[in-house]
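K.L.:
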Amino acid sequence: MYNTHNGFLIHTRDYRETSSILNIFTSEGGIESLIFKGKHTNKDRFKFSIFNEYSFTFNEKYSLPYLTKFELLNQYVFDKKYYLLGLYVNELLYKTLKDGYDFDKVYLHYKEFLINLSDTNDSLGRLALLFEKNLLQDLGYEISLSENETLINDKYYYYDYNEGFKLDLSLETRSSILGSDLQSFFINTLTSEKTISNIRSIIRKIFIQIYPDIYLLGDKLF
1 MYNTHNGFLI HTRDYRETSS ILNIFTSEGG IESLIFKGKH TNKDRFKFSI
51 FNEYSFTFNE KYSLPYLTKF ELLNQYVFDK KYYLLGLYVN ELLYKTLKDG
101 YDFDKVYLHY KEFLINLSDT NDSLGRLALL FEKNLLQDLG YEISLSENET
151 LINDKYYYYD YNEGFKLDLS LETRSSILGS DLQSFFINTL TSEKTISNIR
201 SIIRKIFIQI YPDIYLLGDK LF
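Mapping of the sequence shown onto my numbering: position 45 corresponds to residue 45, and the numbering continues sequentially without gaps.
If you want it as structure tokens, here you go:
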């Protein structure tokens, strides 16, 4: 049986002497593994590129499907300074997408992320935060205020990992988030690098709670 899915190459590794295993991300199946057959000298072996959208046709007759055809659909070009960020996002997808999630939403957000990279001057941290925020929401772990909590611009808030952001009544607010910054975070206009760093630390802990064995390398590179 042959299927055709649109998707992105996320990861590849050698398989036996003359083949590779491609991990692709599709809106239908999330992270899917395909065998690409061909010698290392086969020029087709090097036509795949991450951050480009392809049409993949594969034979599902075997437990590990064989790739039979691919076609470039969309090419996303952006400044090389965002390359490591892109690798981190790919790693995040590869290690978090499991069966049962709404892959359509993640796929659309990933495409939006790549489109945005081609026309942005935002910092790496801000771009990473925007994608992480969307991904958590798509996975069903949206960051929000605690129930019945009110957002006040000049007050500070801490994150309760079971309930959400709560008003911080302590005198120690060094790791807390100012209400006005939190409001900016919720509407995707946050620019404070210090607050971006603090919220990304919270997000890393959330990912670890969801996936206790997860170990992310990419965000240490930028």
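Yeah, the Cβ is synthetic: ideal placement off N, Cα and C, and Gly gets one too.
Starting from the Cα of serine 20, find the closest Cα among Asp122, Lys37, Thr4 and Gly30 and give me that residue.
P.N.:
For serine 20, the nearest C-alpha among the options comes from Lys37.
K.L.:
Using a Cβ-Cβ cut-off of 6 Å (strictly less than) and excluding sequence neighbours within five positions of glycine 30, which residues of its own chain qualify?
P.N.:
Excluding sequence neighbours, glycine 30 sits near Leu97 and Phe103.
K.L.:
Kindly indicate which three-state DSSP category serine 19 falls into: helix, strand or coil?
P.N.:
Strand.
K.L.:
Roughly how many whole angstroms lie between the Cα atoms of phenylalanine 78 and leucine 22?
P.N.:
Near 23 Å, if we compare the C-alpha coordinates of leucine 22 and phenylalanine 78.
K.L.:
If you measure between the beta carbons of leucine 114 and tyrosine 83, is that distance less than 8 Å?
P.N.:
The answer is no: Cβ separation not under 8 Å.
K.L.:
Starting from glutamine 75, follow its DSSP beta bridges and name the residues at the other end.
P.N.:
According to DSSP, glutamine 75 bridges with Asn52.
K.L.:
Report the rounded CA-to-CA distance for aspartate 138 versus phenylalanine 131, giving the unit in angstroms.
P.N.:
Between aspartate 138 and phenylalanine 131, the C-alpha separation is close to 10 Å.
K.L.:
Should serine 55 go down as buried or exposed, given a rule of 16 or more other Cβ atoms within 10 Å for buried?
P.N.:
Burial call: exposed.
K.L.:
Compute the distance between the beta-carbons of alanine 128 and arginine 200, then report whether it is under 8 Å.
P.N.:
For alanine 128 and arginine 200, yes; Cβs fall inside 8 Å.
K.L.:
Quick one: Cα of leucine 108 to Cα of tyrosine 156, how far?
P.N.:
Distance between the alpha carbons of leucine 108 and tyrosine 156 is about 33 Å.
K.L.:
Measuring CB to CB, does glutamate 28 end up less than 8 Å from histidine 5?
P.N.:
Yes, Cβ-Cβ distance for glutamate 28 and histidine 5 is below 8 Å.
K.L.:
Just confirm the distance between the C-beta atoms of asparagine 153 and serine 175, as a whole number of angstroms; I'd bet it's less than 8 Å.
P.N.:
Not really, about 19 Å apart at Cβ, beyond 8 Å.
K.L.:
How long is the line joining the alpha carbons of glycine 7 and glutamine 209, rounded to whole angstroms?
P.N.:
Taking the straight line joining both Cα atoms gives about 28 Å.
K.L.:
Kindly give me the distance between the Cβ atoms of glycine 218 and tyrosine 88, rounded to whole angstroms, as I take these residues to be in contact under 8 Å.
P.N.:
Indeed they touch by this definition, with Cβ atoms about 3 Å apart.
K.L.:
Comparing alpha-carbon positions, which option in Glu112, Thr191, Leu216 and Tyr215 lies nearest serine 123?
P.N.:
The candidate whose alpha carbon is nearest that of serine 123 is Thr191.
K.L.:
Inspect the beta-carbon positions of leucine 145 and glycine 164 and report whether they are closer than 8 Å.
P.N.:
Yes, they are a contact pair.
K.L.:
When the Cα of arginine 126 is compared with those of Leu85, Leu136 and Phe207, which residue comes out closest?
P.N.:
That would be Leu85, whose Cα lies nearest to the Cα of arginine 126.
K.L.:
Let me know the secondary structure DSSP gives tyrosine 2 once reduced to three states.
P.N.:
Looking at tyrosine 2 - three-state DSSP - the assignment turns out to be strand.
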